[in-house]
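Count the sequence shown with the working numbering and you get residues 374 to 749, in order.
Don't be surprised by glycine CBs; every beta carbon is placed ideally from N, CA and C.
Small disclaimer: the values here were computed from a predicted structure and weren't measured.
Here's the structure, in structure tokens; my notes come after.
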Amino acid sequence: MQHPIQADIAAWDEILDHRTGSSGDAATSAWLASAIAAVGAVPHIDAFSFDRLIPQKCSITIDEQCVDGVPLFDCLISPLVEAPLCPLAIGKGIGVTTFSPSARHPGTEALLQAREKNLHQGIVAISEGGTEGLSLLNADQFSRAYGPPVLQVDGRHKDSLMRAATNGLTGRMSFEIDQQSTQTSNVQTTVRGTDPSLAPLVIMTPKSAWWTCTAERSGGIVAWLACIRHFAANPPRRNVLFTANTGHELGHTGLEHYLREHKNLGATAHAWIHLGANLAAVDSILRFQPSNDELSTMGITHLAAVDIHPGSFASIGARPGGEACNIYDEGGQYLSLLGSNRWFHHPDDRWPHSIDLDRITRITDAVVGIAKDLAA
């Protein structure tokens, strides 16, 4: 199976910008639809209206130093904020803190709490991801923006910005952001089962990201395509619905659209397989998120058969991470896989250096096996 997986990863990586609503996002939909049609299934590109934010010049200026950055996409934006800088814990002016794309990073937790309290005039968030540079934070509340303006900046500016905050220097934050009314899209197909009276299996994965994000996103994509190819050649007993959703980085916008268009499917599907982030990443620590004991046993058995052993487990009954949380909120049953990635949300997450091809090949084999059992 390694050859088609490598080809799928390379095809993903050739599209440089996978941000929701971008031309690259549209190109991804077209590519996935073509891959679906190539095995005799019928693709559906489900386009819907979307208001896209396009940052232009966004920066913080202190004395003569100007540091460019990227705004959080779910904060309330003011074009210009001028105030003294201070450590975030002070709770006033322009707060300065560190963060990571991981919600469990203490700086990220402090940032989220400060945004909820809304005491600052603005916040400068300094990236501390697994790789030097700027790793962006997802905008989980994209449709319900809140809190002060937040500018995310490259970690190389940490020392100078922290020093400026300690000394109470005045900073000037400026945000130039264009808004574009456009369309974005999910990609779907259905493989009909021999007994359509049975509740369907749904297999989903995100298809958008901040940058190219190859290790983050391509693992889910290749396993999703492998399941389509398998069932196109081997009809399942129950219907299997496939959806690759845009808007992952913006509050799961595409999945929310899908669930609105398929009312009650969240709760009534036989099960959902969620193919989440970083399954293809080098040194990824797999996180396993099942909704019940039966799905847990099934998933662990198939993963162990290919010598894949999760390093992290979500407790049954606890709200999971990633798009599986939407299914949890709907009262549905799910098996969710995701992992870690030192290039998480970073521009340098590219083929081949961020990819463990052997590992994602084995994970894909396990996912197909799980899907076969659930579709029976």
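Asked	Found
Within 10 Å of its beta-carbon, does Cys431 have 16 or more other beta-carbons around it, so buried, or fewer, so exposed?	buried
Would you list the one or two residues that DSSP bridges to Cys439?	Thr434
With a CB to CB cut of under 6 Å and the five nearest residues on each side skipped, what residues in its chain are close to Gly639?	Leu632, Ile700, Glu703, Gly705
Let me know if Ser407 comes out buried or exposed under the rule of 16 or more other beta-carbons within 10 Å of its beta-carbon.	exposed
Is Phe604 helix, strand or coil by DSSP?	helix
With a CB to CB cut of under 8 Å and the five nearest residues on each side skipped, what residues in its chain are close to Ile550?	Leu426, Ile427, Pro428, Gln429, Cys431, Pro444, Ile450
Identify the continuous beta strand (DSSP E) that holds Leu544 and give its terminal residues.	Looking at the sequence shown, residue 544 is not Leu but Gly. Looking at the DSSP string, the run of the beta strand (DSSP E) that includes Gly544 is 543–564.
Could you spell out the range, first to last residue, of the alpha helix (DSSP H) harbouring Tyr707?	Looking at the DSSP string, Tyr707 is not in any alpha helix (DSSP H); the run it does join, the beta strand (DSSP E), is 707–711.
Measure the alpha-carbon distance for Gly397 versus Gln525 and round it to whole angstroms.	23 Å
According to DSSP, simplified to helix, strand and coil, what is Gln486?	helix
Exposed or buried, Ile689, counting other C-beta atoms within 10 Å across all chains shown (16 or more means buried)?	exposed
Could you give the C-beta distance for Arg545 and Glu455, rounded to a whole number, given that I count them as a contact under 8 Å?	5 Å
Measuring straight from C-alpha to C-alpha, what distance separates Val560 and Thr619?	9 Å
Let me see if you follow: with CB-CB separation under 8 Å, is Thr555 close to chain B or not?	Of the protein chains in the structure, only one exists, and it is not chain B.
Considering Cys698, what are the terminal residues of the alpha helix (DSSP H) in which it resides?	697–703
Could you tell me which of Ile496, Thr641, Pro452, Leu747 sits nearest to Ile463, measuring between CA atoms?	Ile496
In three-state DSSP terms, what is Trp724?	coil
Under 8 Å, with one C-beta from each stretch per pair, do the segment 646–655 and the segment 731–740 reach the 3-pair mark?	yes
Take the Cβ of Glu501 as the centre, count every other Cβ of all protein chains shown within 10 Å, and call the residue buried at 16 or more, exposed below.	buried
Taking Glu505 as part of the beta strand (DSSP E), name the residues at either end of that continuous run.	Glu505 -> no beta strand (DSSP E), and no H or E assigned at all.
Considering Leu574, what are the terminal residues of the beta strand (DSSP E) in which it resides?	574–579
Give me the Cβ distance between Gln514 and Gly624, rounded to the nearest whole Å; I'm assuming they're in contact under 8 Å.	6 Å
Reducing DSSP to helix, strand and coil, say where Trp645 ends up.	strand
Just curious, the beta strand (DSSP E) that Ile499 is in, first and last residue?	495–500
Hey, is the segment 565–572 in contact with the segment 485–495, meaning 3+ C-beta pairs nearer than 8 Å?	no
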